[in-house]
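J.: Sequence lines, in order, name chains A and B. Okay, so the first sequence: first residue is 1 according to this note's numbering, each after it adds one. Okay, so the second sequence: first residue is 1 according to this note's numbering, each after it adds one. For glycine and all other residues, C-beta sits at the position ideal for the given N, C-alpha and C. Provided herewith is a single structure, encoded as structure tokens, for subsequent inquiry.
Protein chains: 2
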Amino acid sequence: MPQTVTPAIAFPATAFKAHDHRVCCGDVMRRAERMAAEAGLRLTPVRRRALEILLEEHRALGAYEVLDRLARSGFARQPPVAYRALEFLVKAGLAHRIRRLNAFTACMRPGEAHVPAFFICTRCESVAEAVLAGVGAAMGEAAREMGFEIERMNLEAAGICPACHGEEAAP
Amino acid sequence: MPQTVTPAIAFPATAFKAHDHRVCCGDVMRRAERMAAEAGLRLTPVRRRALEILLEEHRALGAYEVLDRLARSGFARQPPVAYRALEFLVKAGLAHRIRRLNAFTACMRPGEAHVPAFFICTRCESVAEAVLAGVGAAMGEAAREMGFEIERMNLEAAGICPACHGEEAAP
DNA sequence: GAATGATATGATATAACATTACATTTGCTG
DNA sequence: CAGCAAATGTAATGTTATATCATATCATTC
């Protein structure tokens, strides 16, 4: 007896589902490029590479992890290099910051206005970005009742993803 | 034309409202004591003091801020002292960790099962803990649809609190 | 009331994450 | 092409969090 009229998930997360990751990356990358162009933002080499790095995996990478990989691509191995690129991506809506992990992940829906919710697997570390129908609205509604004006939101859940859940007692 | 049948906020946050803070602290402290006793948890001197410190203000304190104050109360000035006490409080449900701030705050509803949502004022740094009717449920529903099993959640919003909003162009 | 095991604390070191500050270069615009 | 803003290079430092090992305290059983 499903009582919800609308599904809880407006856009499903790709991370937990089988998909051609090459296509998924390319797709997001192209969208990111178009977006940046339209917004007059400069997707410089470091920034572009940083985004590629984030896109390589459906998990969140720490700034120093990104920095390592940037260094391997020939950029300077100084924290600000990574933090600046990541900050740019976040501001541009091309990446998100996962506070729970002190880490960053590529946005799967660049260009679409959305309040993302993250589902973080504590076993395999994968991170899925979902856009939920009701949550952002509910937070906003509560804020209005209190007279609080929301500027930014972090919605994060940690737990076990479908894949890891299946393996249960696996090594 | 309010369309919601139930209010978005199940329990209102005290932080943004005028209240006798002495009473509010004492009240929470007593509940915490009763809770710990019933659960067979040891509310040792450091832990108790850490909780008192968190209760002193309706904002989140960093571990090192707590550590400073613990040190002033005669405890050792070593990071693990603070982190251990805070970890205990969080596990016992007497405090919450605000990931966005890398900081901790006392739980305002100890003993009551709840998924807290935090509203963080970026101007005065006050933090209000609210228990929202729909949000936890919506996250849970979405998780179920994905086959994700939630263990922990962080729902945080940053913005401007009612008090600061009123002052607007104040110095 | 000593032996034991579990829990809690003291103390040191270090890992991991993040920022400040300033010099230099690049790209755009008048 | 001069001037300005934005981006990058680089060094130093600040902040948050954990690992590790030693010691102390408490609770239980013998």
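Which same chain residues, not among the five before or five after E90/A, have their C-beta less than 8 angstroms away from its C-beta?
T.: The question names Glu, yet the displayed sequence has Val at residue 90/A. Cβ neighbours of V90/A beyond the five flanking positions: H96, R97, F104.
J.: Shorter than 8 angstroms from the beta carbon of G63/B to some beta carbon of chain A?
T.: Checking the displayed sequence, the identity of residue 63/B turns out to be Ala instead of Gly. Output row for A63/B: interface = no.
J.: With 8 angstroms set as the bound, which would you pick, yes or no: does the beta-carbon of H165/A sit closer than that to a beta-carbon of chain B?
T.: yes
J.: Taking DSSP as the reference, what is the three-state secondary structure of A60/A?
T.: coil
J.: So, with DSSP's three-state summary, where would you put E156/B?
T.: strand
J.: Please confirm if R152/A has its CB atom under 8 angstroms from at least one CB of chain B.
T.: yes
J.: Our contact map puts A143/A next to A157/B with C-beta atoms below 8 angstroms; I'd like the distance itself, whole angstroms only.
T.: 6 angstroms
J.: Please classify H58/A: is it buried, with 16 or more other beta-carbons within 10 angstroms of its beta-carbon, or exposed?
T.: buried
J.: Alpha carbon to alpha carbon, what distance is there between R31/B and T122/A?
T.: In this structure, the straight-line span from the alpha carbon of T122/A to that of R31/B is close to 32 angstroms.
J.: I believe L132/A touches P110/A by the beta-carbon criterion, under 8 angstroms. Please report the beta-carbon distance rounded to the nearest angstrom.
T.: Actually they do not touch by this definition, with Cβ atoms about 18 angstroms apart.
J.: Nearest to D20/A by alpha carbon, out of E33/A, L55/A, M153/A?
T.: L55/A
J.: Could you please tell me which residues of the stretch 71 to 104 of chain B, in chain order, have their CB closer than 7 angstroms to any CB of chain A?
T.: R99, R100
J.: Going by beta-carbon coordinates alone, are F118/B and A128/B separated by less than 8 angstroms?
T.: Judged by their CB atoms, F118/B and A128/B are nearer to each other than the 8 angstroms cut-off.
J.: Where do the N-terminal and C-terminal ends of the beta strand (DSSP E) with C201/A fall, by residue?
T.: Shown here, chain A extends from 1 to 171; a query on residue 201/A therefore has no answer.
J.: May I have the straight-line CA-CA distance separating E145/B from A130/A, to the nearest angstrom?
T.: Annotation: E145/B to A130/A spans about 11 angstroms, alpha carbon to alpha carbon.
J.: Give a yes or no on whether the C-beta atoms belonging to A71/A and R77/A are separated by under 8 angstroms.
T.: If you check the CB distance, A71/A and R77/A come in under 8 angstroms.
J.: Helix, strand or coil for E125/B? Go by DSSP, reduced to three states.
T.: coil
J.: Secondary structure at A103/B, three-state DSSP: helix, strand or coil?
T.: strand
J.: Hey, would you say G166/A sits closer than 8 angstroms to P162/B, going by beta carbons?
T.: no
J.: Applying a beta-carbon distance threshold of less than 9 angstroms, which residues of chain B neighbour C161/A?
T.: M146, G147, F148, E149
J.: Does DSSP put R97/A in a helix, a strand or coil?
T.: DSSP places R97/A in strand when its eight states are reduced to three.
J.: If you draw a straight line from the alpha carbon of A36/A to that of I53/A, how long is it in whole angstroms?
T.: Whole-angstrom Cα-Cα distance: 17 angstroms.
J.: Cβ of A130/B less than 8 angstroms from any chain A Cβ?
T.: Interface residue, yes.
J.: Measuring CB to CB, does M139/A end up less than 8 angstroms from L155/B?
T.: yes
J.: Cα separation between G26/B and P80/A?
T.: 45 angstroms
J.: Would you please state the rounded distance, in angstroms, between the beta carbons of A63/B and Y83/B? I believe it to be under 8 angstroms.
T.: About 6 angstroms separates the CB atoms of A63/B and Y83/B; that is less than 8 angstroms, so the two are in contact.
J.: Which residue or residues does DSSP assign as beta-bridge partners of I174/B?
T.: Because chain B spans 1 through 171 in this model, residue 174/B falls outside it and cannot be assessed.
J.: List the endpoints of the continuous alpha helix (DSSP H) containing R31/B.
T.: 21 to 39
J.: My output table needs one value for L132/A: the three-state DSSP class, helix, strand or coil.
T.: strand
J.: Could you compute how far the alpha carbon of R99/B sits from the alpha carbon of A137/B?
T.: Rounded to the nearest angstrom, the two C-alpha atoms are 21 angstroms apart.
J.: Please classify E149/A: does DSSP put it in a helix, a strand, or coil?
T.: strand
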